[in-house]
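Undergrad: Residues 45 to 252 in our numbering are what the sequence shown lists, from first letter to last.
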Amino acid sequence: MEKKTAVAAGTMLPLMEAFYTIQGEGTFSGTPAYFIRLGGCDVGCVWCDVKASWEAAKWPVLPIEEIVEGALQYPGRLVVITGGEPLMYNLDPLTRLLKENGFTTNIETSGAHPFSGDFDWVCFSPKKFKTPHPSIYAVADELKVVVFHKSDFDFAEKHAVLVRENCRKLLQPEWSKSDLFINSIIDYVKSHPNWKVSLQTHKFMEIP
Ligand code: SF4
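Quick look at the structure:
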């Protein structure tokens, strides 16, 4: 199959990097996980810390069998698919293969593209720079809003009314603005107890 057709079908995907580490943020914080970072993102967050991922063409396009083979080299059986924006691709074949190989599948997404894939946990982190696709709201298990500006609290509440009732709601300071916003996040969560604080603990541990 031609590469372009295979990417459209989700049987080959552009892989920026893949690595075994500790999930540092969100509900699975502290859990060993194999990260699959797909190349390509059209969201354009000003504070993005993986801008190198934006251009999909820069990254090798690999068969999903090879991507899963990489994950199987490590003892952990949690995979986190991230990007870039992973929902730019059809993730049905990759997640099916991961599950056939015994993996728990998590995704981190801005929700900016139609949902695909068979995931055990969907972390939805909406961004102001590109409106989420409506398909994400019915499947999100975790709503994680990065706080970079004081208006982000209102932005978080706007999405909180759209997700399912049992969706976990997390506020996470953007790393470079942590000192500026951590106290207001703490105060906000104390007065709005349906929210929790999420920190990027991998950055404290200085791991990827
Ligand atoms: S969605 Fe993620 S990868 Fe894309 S620009 Fe925003 S932070 Fe960067």
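For glycine and all other residues, C-beta sits at the position ideal for the given N, C-alpha and C. The structure presented is a predicted model; accordingly, all values stated were derived computationally and were not measured.
Work out the CA separation of leucine 243 and lysine 260 for me, nearest whole Å.
TA: Nothing about residue 260 can be read from this structure; the chain reaches only from 45 to 252.
Undergrad: Looking at glycine 114 and the ligand SF4, is the gap between the Cβ and the nearest heavy atom below 7 Å?
TA: Translated into the one-based positions of the sequence shown, residue 114 becomes position 70. No; taking the cut-off as 7 Å, the Cβ of glycine 114 has no heavy atom of the ligand SF4 nearer than that.
Undergrad: Flag cysteine 85 as yes when its Cβ comes closer than 7 Å to any non-hydrogen atom of the ligand SF4, and as no otherwise.
TA: Within the sequence shown, the letter at position 41 stands for residue 85. Correct: cysteine 85 has its Cβ closer than 7 Å to the ligand SF4.
Undergrad: What residue from Gly128, Pro58 and Phe79 has the CA that sits closest to glycine 68's CA?
TA: Here the question's residue 68 lines up with position 24 in the sequence shown. Ranking Gly128, Pro58 and Phe79 by Cα distance to glycine 68 puts Phe79 first.
Undergrad: Could you say which of Leu106, His246, Pro158 and Ser195 lies nearest to proline 130 if we only look at CA atoms?
TA: By 1-based counting over the sequence shown, the position of residue 130 is 86. Nearest option by C-alpha distance: Pro158.
Undergrad: Under 7 Å from any heavy atom of the ligand SF4, does the C-beta of lysine 171 make it?
TA: Within the sequence shown, the letter at position 127 stands for residue 171. Indeed, a heavy atom of the ligand SF4 lies less than 7 Å from the Cβ.
Undergrad: From the DSSP output, read off the bridge partner residues of lysine 188.
TA: Position 144 of the sequence shown, counted from the first residue, corresponds to residue 188. Beta-bridge pairing links lysine 188 to Leu214.
Undergrad: So, for glycine 120: in the same chain, excluding its five sequence neighbours on each side, which residues have a beta-carbon less than 7 Å away from its beta-carbon?
TA: To locate residue 120, count along the sequence shown from 1; it is residue 76. The answer, listed in chain order, is Tyr64, Pro76, Ala77 and Tyr78.
Undergrad: To the nearest angstrom, report how far apart threonine 148 and alanine 115 are at their CA atoms.
TA: Stepping through the sequence shown from its first residue, residue 148 is reached at position 104. Stepping through the sequence shown from its first residue, residue 115 is reached at position 71. Each residue's alpha carbon lies about 11 Å from the other.
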